[in-house]
Amino acid sequence: MFEARLLRGSILKKVLEAIKDLLTQATFDCDDSGIQLQAMDNSHVSLVSLQLRADGFDKYRCDRNISMGMNLNSVAKILKCAGDKDTVTMKAQDNADTVTFVFESPNQEKVSDYEMKLMNLDLEHLGIPETEYSCTIRMPSAEFARICRDLSQFGDSMVIACTKEGVKFSATGEIGSANIKLAQTASVDKEEEAVIIEMDEPVTLTFACQYLNYFTKATSLSPQVQLSMSADVPLVVEYRIQDIGHIRYYLAPKIED
Amino acid sequence: STTQGRLDGFFTVV
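Chains A and B, in that order, are what the protein sequence lines are. Residues in the first sequence are numbered consecutively from 137, following this note's numbering. Residues in the second sequence are numbered consecutively from 384, following this note's numbering.
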């Protein structure tokens, strides 16, 4: 028996919105530590890694490890039927070929359940090596979303250059060029609003705007985002989800010809 | 100009 109940059901709605543009199907791996999802997009340019810890749920039971392959468009359709304040419960029997989503309104007067067929996905599990990054940048997630949106008007690619002075986002295209520089916040009153840079070595990398814009669909999950960069390795864009886990996106850099 | 890199090779199949 698997059962995961979340009073803040809107988190699951937001998680689906944050991954469904990148992935059409994925496996939810459930064990007694929680729920993990890890999948590359079809073109193997980006990878999504989601972790929701068991202790972040209001009720969590997983008697046997279970891997549930799901069509994410179908899951997104179902979760759109949940109210923002609904409690969401996912449940499945051991060895089941379906999963059930139950939505309860705050006053318990409306209870809906949606049963969905599971898919048999034969997906590879990937090991993500522990990496020491040359630069990490923490910044408000809404600011990062704004920068990605604004710069994608100028070109398909965005250059992210991090030095100890700050971080510069640049794009160049037919209409001209755009540069946005963020300095590290001098004094931190509210950590959520701060730009904090940790740098061992300066790094400049180029990324596809389209993917960065997909990642920013996770903005509503966290007030802050963390970017981790080293030369010639994938960028990591991490949104921490309060008290329950995180969603991390990995993106292969563009390579100079 | 630039070409899009791929993730294959960065991660190992486990």
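Each residue gets a CB set at the ideal place from its N, CA and C atoms; glycine is no exception.
From the DSSP output, in three-state form, read off residue i for me.
{"i": "S313(A)", "result": "strand"}
{"i": "S185(A)", "result": "strand"}
{"i": "K216(A)", "result": "helix"}
{"i": "E153(A)", "result": "helix"}
{"i": "S146(A)", "result": "helix"}
{"i": "S210(A)", "result": "helix"}
{"i": "S179(A)", "result": "coil"}
{"i": "D191(A)", "result": "helix"}
{"i": "K227(A)", "result": "strand"}
{"i": "L159(A)", "result": "coil"}
{"i": "V372(A)", "result": "strand"}
{"i": "I380(A)", "result": "coil"}
{"i": "L387(A)", "result": "strand"}
{"i": "M204(A)", "result": "strand"}
{"i": "R389(B)", "result": "coil"}
{"i": "S241(A)", "result": "coil"}
{"i": "M137(A)", "result": "coil"}
{"i": "K304(A)", "result": "strand"}
{"i": "T236(A)", "result": "strand"}
{"i": "D199(A)", "result": "coil"}
Counting only beta-carbon separations shorter than 8 Å, does residue i have a partner in chain B?
{"i": "Y385(A)", "result": "no"}
{"i": "H382(A)", "result": "no"}
{"i": "M176(A)", "result": "yes"}
{"i": "T342(A)", "result": "yes"}
{"i": "L186(A)", "result": "no"}
{"i": "D258(A)", "result": "no"}
{"i": "E392(A)", "result": "yes"}
{"i": "A388(A)", "result": "yes"}
{"i": "I171(A)", "result": "no"}
{"i": "G263(A)", "result": "yes"}
{"i": "L183(A)", "result": "yes"}
{"i": "V369(A)", "result": "yes"}
{"i": "S366(A)", "result": "no"}
{"i": "S306(A)", "result": "no"}
{"i": "S313(A)", "result": "no"}
{"i": "S293(A)", "result": "yes"}
Could you tell me if the beta carbon of residue i falls within a distance shorter than 7 Å of some heavy atom in the ligand NAP?
{"i": "V238(A)", "result": "The ligand NAP is not part of this structure, which contains no ligands at all."}
In or out: residue i buried (at least 16 other Cβ within 10 Å) or exposed?
{"i": "I311(A)", "result": "exposed"}
{"i": "T355(A)", "result": "buried"}
{"i": "D168(A)", "result": "exposed"}
{"i": "Q362(A)", "result": "buried"}
{"i": "G263(A)", "result": "exposed"}
{"i": "V184(A)", "result": "buried"}
{"i": "V247(A)", "result": "exposed"}
{"i": "V396(B)", "result": "exposed"}
{"i": "D258(A)", "result": "exposed"}
{"i": "D177(A)", "result": "buried"}
{"i": "V324(A)", "result": "exposed"}
{"i": "A322(A)", "result": "exposed"}
{"i": "M226(A)", "result": "buried"}
{"i": "R274(A)", "result": "buried"}
{"i": "R285(A)", "result": "exposed"}
{"i": "M156(A)", "result": "The sequence given here has Lys at residue 156(A), not Met. With 16 or more Cβ atoms within 10 Å of its Cβ, K156(A) is classed as buried."}
{"i": "C198(A)", "result": "buried"}
{"i": "P276(A)", "result": "buried"}
Less than 7 Å between C-beta atoms, sequence neighbours within five positions excluded: which residues of the same chain meet that for residue i?
{"i": "A190(A)", "result": "D168, S169, G170 and Y196"}
For residue i, I'd like the list of residues in its chain whose CB is within less than 6 Å of its CB, leaving aside the five on either flank, ordered along the chain.
{"i": "S146(A)", "result": "D220"}
{"i": "A388(A)", "result": "V181 and P370"}
{"i": "D336(A)", "result": "S270"}
{"i": "R200(A)", "result": "D230"}
{"i": "Y250(A)", "result": "I214 and F237"}
{"i": "E334(A)", "result": "T272"}
Excluding sequence positions up to five away, which residues of its chain have a Cβ less than 8 Å from the Cβ of residue i?
{"i": "D292(A)", "result": "G309, A344, C345 and Q346"}
{"i": "A212(A)", "result": "L152, E153 and K156"}
{"i": "N256(A)", "result": "G205"}
field: Contiguous alpha helix (DSSP H) assignments of at least 4 residues, all confined to the segment 248 to 292 of chain A
entry: With a minimum length of 4 residues, the continuous alpha helix (DSSP H) runs that stay inside the segment 248 to 292 of chain A are 277 to 287.
- request: Tell me the start and end of each unbroken beta strand (DSSP E) in the segment 321 to 369 of chain A that is at least 3 residues and wholly inside, in chain order.
  value: DSSP runs (the beta strand (DSSP E)) wholly in the segment 321 to 369 of chain A: 332 to 335, 339 to 344 and 360 to 365.
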